[in-house]
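Participant: Just so you know, we're using my numbering here: the sequence shown kicks off at 3 and counts up by one.
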Amino acid sequence: MDYTPGGFNNVTSAEFQPRGREPMTLGTRAHQLALFVVLESGFTMVADYPEDYRGEKVLDFISRVPVAWDETRVLEGEPGKFIAIARRKGNEWYVGCLTGSDARVLQIPLDFLPSGKLFQAEIYSDAPDAAQFPKKTVKQERAVRGTDVLKVEMVTGGGQAIRIFPAASVEGRN
Numbered sequence: 003m004d005y006t007p008g009g010f011n012n013v014t015s016a017e018f019q020p021r022g023r024e025p026m027t028l029g030t031r032a033h034q035l036a037l038f039v040v041l042e043s044g045f046t047m048v049a050d051y052p053e054d055y056r057g058e059k060v061l062d063f064i065s066r067v068p069v070a071w072d073e074t075r076v077l078e079g080e081p082g083k084f085i086a087i088a089r090r091k092g093n094e095w096y097v098g099c100l101t102g103s104d105a106r107v108l109q110i111p112l113d114f115l116p117s118g119k120l121f122q123a124e125i126y127s128d129a130p131d132a133a134q135f136p137k138k139t140v141k142q143e144r145a146v147r148g149t150d151v152l153k154v155e156m157v158t159g160g161g162q163a164i165r166i167f168p169a170a171s172v173e174g175r176n
């Protein structure tokens with residue numbers, strides 16, 4: 003199966019039409035970002051024309067996602083409906099949350115993080131109007147701990163992608 007995440011020509015189900023040139027991607031941009039975490043691949047790439055990525059701030063997230071993981075945890079899910087998965091590489095965690103045909107709100111405990119330590123989270127979410135405008139995302143940065151619970155709100159066909167790294171590291175790189 004050829005399923006490459008990262009399509010940026012995001013459309014709603016009402017707009018979707020299979021076509022050879024400039025193919026469309028059903029679902030939200032945040033869903034596409036989360037696929038880089040949820041789907042494991044030793045070789046990842048972006049699927050669209052280079053012009054589709056120019057100036058996109060979410061490209062920073064894609065460029066940081068590892069292709070090999072030290073640990074994987076399925077946090078929550080139901081086959082065919084939704085999934086929340088966390089993967090660790092070194093001291094960084096990535097969380098990918100996806101939903102299908104139903105909008106969904108999840109409560110994701112961060113208890114997989116080491117206790118007593120402060121982390122920084124970069125959260126890429128569906129914009130409030132992403133059900134109508136699926137290319138829109140919102141980036142939020144906040145401090146988190148292992149005792150925190152993140153509220154993940156996803157529109158139909160939506161998702162959320164999160165990068166969590168030690169707060170003391172410079173730019174999240176060690």
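Glycine included, each C-beta is placed from N, C-alpha and C at the ideal position. Since we're looking at a predicted model, the values are computed, not measured.
Grab me the residues of T30's own chain with a C-beta within less than 7 Å of its C-beta, minus the 5 sequence neighbours each way, in chain order.
Facilitator: N12, D128, A132, P136, V157, G159, G160 and G161
Participant: Whole angstroms are fine: how far does the CA of R56 sit from the CA of F84?
Facilitator: 30 Å
Participant: Could you give the distance in angstroms between the alpha-carbon of A16 and the alpha-carbon of A170?
Facilitator: 45 Å
Participant: Quick check on this structure: which residue in F114, A145, A105 and F167 has the alpha carbon closest to the alpha carbon of V154?
Facilitator: A105
Participant: Tell me the DSSP secondary structure of V67 in three-state form.
Facilitator: coil
Participant: Return the CA-CA distance between G82 and L28, expressed in angstroms with no decimal places.
Facilitator: 16 Å
Participant: Alpha carbon to alpha carbon, what distance is there between E42 and G118?
Facilitator: Between the alpha carbons of G118 and E42 lies a gap of roughly 30 Å.
Participant: For a quick check, are the C-beta atoms of R165 and E94 less than 8 Å apart?
Facilitator: yes
Participant: Nearest to P111 by CA position, among L152, I87, G98 and T101, is which residue?
Facilitator: L152
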